[in-house]
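One structure is given here, and the rest of the page talks about it.
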Ligand code: SF4
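In the UniProt record's numbering, the protein residues as written are 1 to 420.
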């Protein structure tokens, strides 16, 4: 059994599990990243399995010229590696010739042993020597050995940080890929607050990559950006600790962290956020009728678990049985952890059988889990919510707070209807 209790700074125990995992790999992030960075292309250097994962996760792309692909590397010995590099160069040359609109190319590593042997960093340098400055070539890993699900975005953004031009001007940087509509809402709010120089990472176009330096203060929009945060701090930027912008309270606290840092008058802050905050509260109240008093169990999946648990407990009155997360970033989650009730079981990592045993023993009203676990649990009479929906649906900010709550209410409403 691979379980050990770790103390958090405030001596909250964490169950640490290092067993079998049931989580998507970091390649999944390409599904939302390719939509966000509109002139980027993601070339997965991988196997047929990687190609199948992307095809099924991102099947919607049949309607558009795709901006991702898989260069399939067949098994080969070390002597065949020179050929593999040559083939990769040829694939990239053909791609860039055929698609002149591509400005940013990510070579994305995966886990098959024949791929691990290829040095993608050197491959990116080799290609940059040919294609820069028209195209910037970078590499990161989406391998299932190194990354879970949302960590692919962290790896991608961390790879962008060294490319950001040095700039010590005062600015607020929002970090994390948000749907454009949500990003625009936040940009409008910051403008109304009077914070003038606001940039986002990743930018919608790679030619708009923001600068970074001593005057940069950054707000994380996602809780899974540990490496990116560290890389930004390495460039002189300062993190603004805050709750994450989920629900009325989380969004208010997140905006307030920036407002305080940039000297916004508190009265002005309250008047700017009041309408959105009230809208969010009204929308949440409708879902609270379904969710109040219901118990919820989070299997580790997206790293969104801790902030979502705080939102569901504080604003919807749900009871938290266990909050599992693949990785617990204690400093980025410090405010969130303080806001959780003292008796909730936290777990980091996964040992899927042990965790399923705990789900079955607790029989929560709702279990948040990966696709592969949902069907068996439903068959056992347990209501589930697919964690992946929480990543693919706009859920941040005041105007999405009601939709976020509804994502959790819907399976319970459906179950009640089926039982009636
Ligand atoms: S990167 Fe690894 S885990 Fe992900 S699809 Fe490819 S082979 Fe599977």
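Just so it is clear, CB atoms sit at the ideal spot from N, CA and C, and this is done for glycine as well.
Please read all numbers here as calculations on a predicted model, not as lab measurements.
Hey, how far is the Cα of residue 128 from the Cα of residue 167? Taking the chain shown and counting its residues from 1, one reaches residue 128 at position 128. Taking the chain shown and counting its residues from 1, one reaches residue 167 at position 167. Distance between residue 128 and residue 167, taken at the CA atoms: about 23 Å.
Examine ligand 1 and report whether any of its heavy atoms sits within less than 7 Å of the Cβ of residue 27. Residue mapping note: residue 27 aligns to position 27 of the chain shown, counting from 1. Checking every heavy atom of ligand 1 against the Cβ of residue 27, one is found closer than 7 Å.
Check: residue 46 C-beta below 7 Å from any heavy atom of ligand 1: Translated into positions along the chain shown, residue 46 becomes position 46. Yes, since a heavy atom of ligand 1 falls inside the 7 Å radius drawn around the Cβ of residue 46.
Measuring only between beta-carbons, confirm whether residue 120 sits less than 8 Å from chain B. Of the chains in the structure shown, none is chain B; there is only one protein chain.
How many angstroms separate the CA atom of residue 7 from the CA atom of residue 305? Counted from its first residue, the chain shown places residue 7 at position 7. Counted from its first residue, the chain shown places residue 305 at position 305. The pLDDT assigned to residue 7 is 49, lower than 50, so where the model puts this residue is not dependable, and the model offers no usable value.
Cβ contact (3+ pairs, closer than 8 Å) linking the stretch 103-110 and the stretch 204-211: yes
Heavy atom of ligand 1 within 7 Å of residue 152 beta-carbon: Position 152 of the chain shown, counted from the start, is the residue given in the question as residue 152. No, since every heavy atom of ligand 1 falls outside the 7 Å radius drawn around the Cβ of residue 152.
3 or more residues per run - each beta strand (DSSP E) lying fully within the stretch 315-385: 319-325, 345-350, 366-369
DSSP three-state call for residue 266: helix, strand or coil? Locating residue 266 in the chain shown gives position 266, where the first residue counts as 1. If DSSP states are grouped into helix, strand and coil, residue 266 belongs with the helices.
For residue 190, is the classification buried or exposed, using 16 other Cβ atoms within 10 angstroms of its Cβ as the cut-off for buried? The residue you call residue 190 lines up with position 190 of the chain shown. When all chains shown are included, residue 190 counts as buried.
Residue from 399, 232, 363, 261 whose Cα sits closest to the Cα of residue 382: Taking the chain shown and counting its residues from 1, the one referred to as residue 382 is at position 382. Comparing Cα positions, the closest option is 363.
What does the Cβ neighbour count give for residue 379, buried or exposed, with the cut at 16 atoms within 10 Å? Reading the chain shown from its first residue, position 379 is the one you call residue 379. Classification of residue 379: exposed, given that the 10 Å Cβ count is below 16.
Pick out the complete alpha helix (DSSP H) segments inside the stretch 94-182, 4 residues or longer, and give them in chain order. 113-116, 120-131, 151-160
Buried or exposed by the 16-neighbour rule on C-beta atoms within 10 Å, applied to residue 396: The residue you call residue 396 lines up with position 396 of the chain shown. Buried: at least 16 other Cβ atoms inside 10 Å.
Report the option in 244, 342, 368 whose CA atom is closest to the CA atom of residue 307. As a first step, residue 307 is located in the chain shown; it is residue number 307 there, counting from the start. That would be 244, whose Cα lies nearest to the Cα of residue 307.
If you draw a straight line from the alpha carbon of residue 122 to that of residue 85, how long is it in whole angstroms? Along the chain shown, one-based indexing puts residue 122 at 122. Along the chain shown, one-based indexing puts residue 85 at 85. Cα-Cα distance, rounded: 10 Å.
Under DSSP, the alpha helix (DSSP H) around residue 72 begins and ends at which residues? As a working note, residue 72 is residue 72 in the chain shown. Not the alpha helix (DSSP H): residue 72 falls in the beta strand (DSSP E), residues 68-72.
Pick helix, strand or coil for residue 396, following the three-state DSSP scheme. In the chain shown, the residue the question calls residue 396 occupies position 396. Coil.
Quick check on the burial criterion: 16 or more other C-beta atoms within 10 angstroms. Buried or exposed for residue 139? Working through the chain shown from its first residue, we reach residue 139 at position 139. By the Cβ neighbour-count rule, residue 139 is buried, with 16 or more other Cβ atoms within 10 Å of its own.
Just to confirm, is the Cβ distance from residue 336 to residue 297 under 8 Å? Locating residue 336 in the chain shown gives position 336, counting from the first residue. Locating residue 297 in the chain shown gives position 297, counting from the first residue. It is not a contact, given that the beta carbons lie outside the stated cut-off.
Along the alpha helix (DSSP H) that carries residue 54, what are the first and last residues, could you check? Here residue 54 corresponds to residue number 54 of the chain shown, with the count starting at 1. It spans 48-57 - the alpha helix (DSSP H) in which residue 54 sits, taken as one unbroken run.
According to DSSP, is residue 224 part of a helix, a strand, or is it coil? Residue numbering aside, residue 224 sits at position 224 when the chain shown is read from its first letter. Note: residue 224 maps to coil in three-state DSSP.
For residue 13, the three-state DSSP class (helix, strand or coil): What you label residue 13 is simply residue 13 of the chain shown in a count that begins at 1. DSSP places residue 13 in strand when its eight states are reduced to three.
Of the residues 69, 368, 309, the one placed nearest residue 338, counting alpha carbons only: Taking the chain shown and counting its residues from 1, the one referred to as residue 338 is at position 338. Ranking the options by Cα distance to residue 338, first place goes to 309.
For residue 216, list the residues DSSP reports as bridge partners. Walking along the chain shown from the start, residue 216 turns up at place 216. DSSP lists 171 as partners of residue 216.
Do you know whose CA, among 224, 372, 327, lies nearest residue 350's CA? In the chain shown, residue 350 corresponds to position 350, counting from 1. For the residues 224, 372, 327, the minimum Cα distance to residue 350 belongs to 327.
Which whole-angstrom value describes the C-beta separation of residue 416 and residue 185, a residue pair presumed to lie in contact below a C-beta threshold of 8 Å? Residue numbering aside, residue 416 sits at position 416 when the chain shown is read from its first letter. Residue numbering aside, residue 185 sits at position 185 when the chain shown is read from its first letter. In fact, because the Cβ distance is near 33 Å, the residues do not count as touching under 8 Å.
What does the alpha-carbon distance come out to for the pair residue 405 and residue 316? For this step, residue 405 is matched to residue 405 along the chain shown. For this step, residue 316 is matched to residue 316 along the chain shown. Residue 405 and residue 316: Cα-Cα distance of roughly 8 Å.
Which of helix, strand or coil DSSP assigns to residue 298: Here residue 298 is taken as the residue at index 298 of the chain shown, counted from 1. Correct three-state label for residue 298: strand.
Report yes or no: do three or more beta-carbon pairs, one from the stretch 252-270 and one from the stretch 407-414, lie closer than 8 Å? no
Using CA coordinates, which residue listed in 377, 266, 347 is at the minimum distance from residue 16? Position 16 of the chain shown holds residue 16. Ranking the options by Cα distance to residue 16, first place goes to 347.
Host alpha helix (DSSP H) of residue 198 (start-end): Numbered from its first residue, the chain shown carries residue 198 at position 198. Residue 198 -> not in any alpha helix (DSSP H); beta strand (DSSP E) instead, spanning 198-201.
Continuous alpha helix (DSSP H) stretch holding residue 30: start and end: If you number the chain shown from 1, residue 30 lands on position 30. Counting along the chain, the alpha helix (DSSP H) containing residue 30 begins and ends at 30-36.
By DSSP, does residue 23 sit in helix, in strand, or in coil? Position 23 of the chain shown, counted from the first residue, corresponds to residue 23. Note: residue 23 maps to coil in three-state DSSP.
Beta carbon of residue 53: closer than 7 Å to some heavy atom of ligand 1? Indexing the chain shown from 1 puts residue 53 at position 53. Yes, the beta carbon of residue 53 sits closer than 7 Å to at least one heavy atom of ligand 1.
If you draw a straight line from the alpha carbon of residue 288 to that of residue 250, how long is it in whole angstroms? Within the chain shown, the letter at position 288 stands for residue 288. Within the chain shown, the letter at position 250 stands for residue 250. Cα to Cα, residue 288 sits roughly 16 Å from residue 250.
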